[in-house]
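First comes the structure, then the notes that go with it.
Residue numbers (the numbering used here): 1 to 149.
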C-alpha cells in the first residue's frame with residue numbers, strides 16, 4: 001500500500017463541478033492499494049500517518065502529529081500511485097489491486113480512520129475527481145507499507 005501525505009491548510013474534492021467534501025488544517029492522504037495488500041498494510045499506513053510529527057510546535061519545529069493538533073484528514077483513493085515507469089513511456093499499473101478488492105481495503109482504511117481522527121473526509125472510489133489543496137510548507141511525505149522506498 002502506498003500513500004502520499006500532504007500537510008494542508010485546506011483541501012477539497014469535487015466530482016462533476018460539485019464539491020463532495022473539504023477539510024481545513026490537516027492531512028490530504030492519497031492512497032494506492034497494491035496487489036496482495038492486507039488489512040495489516042492499511043493499519044501500518046494509518047498508524048504511521050496519524051502519528052507522524054509533521055506539524056509545527058510553538059518553536060516552529062515539526063514536533064506535533066495530526067492527533068496532537070486534532071487535525072482533519074481527507075482520504076482519496078489513487079491507484080496511479082502504483083504506476084511503474086521503469087520501461088517505456090506509459091506507466092504500467094499491474095501492481096495495483098483489482099478495483100473490487102482495492103475498494104474493500106480502501107473502505108477498511110476509511111472505517112479505521114474514522115475511529116481515530118477528529119474529522120475525516122473522503123473522495124469517491126473509482127471516480128474522476130478534482131482535488132484542490134493549499135499545501136502548508138510544503139510538506140509532502142511518501143509511505144509504502146512494504147518499505148520499498
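The beta carbon of each residue, even a glycine, is placed where N, CA and C say it ideally should be.
N-terminal and C-terminal residue of the alpha helix (DSSP H) that residue i is part of
i, result
"residue 99", "99 to 116"
"residue 42", "39 to 51"
"residue 69", "66 to 69"
Check whether residue i and residue j have beta carbons under 8 Å apart
i, j, result
"residue 4", "residue 81", "yes"
"residue 30", "residue 49", "no"
"residue 13", "residue 129", "yes"
"residue 71", "residue 131", "no"
"residue 46", "residue 124", "no"
"residue 6", "residue 143", "no"
Rounded separation between residue i and residue j - CA only
i, j, result
"residue 108", "residue 87", "33 Å"
"residue 106", "residue 149", "21 Å"
"residue 24", "residue 140", "17 Å"
"residue 68", "residue 52", "10 Å"
"residue 89", "residue 78", "20 Å"
"residue 54", "residue 40", "23 Å"
Residues that residue i bridges to, as DSSP identifies them
i, result
"residue 88", "BP columns for residue 88 are empty, so no partner."
"residue 77", "31"
Terminal residues of the beta strand (DSSP E) in which residue i lies
i, result
"residue 144", "130 to 144"
Counted within 10 angstroms of its Cβ, other Cβ atoms place residue i as buried (16 or more) or exposed
i, result
"residue 145", "buried"
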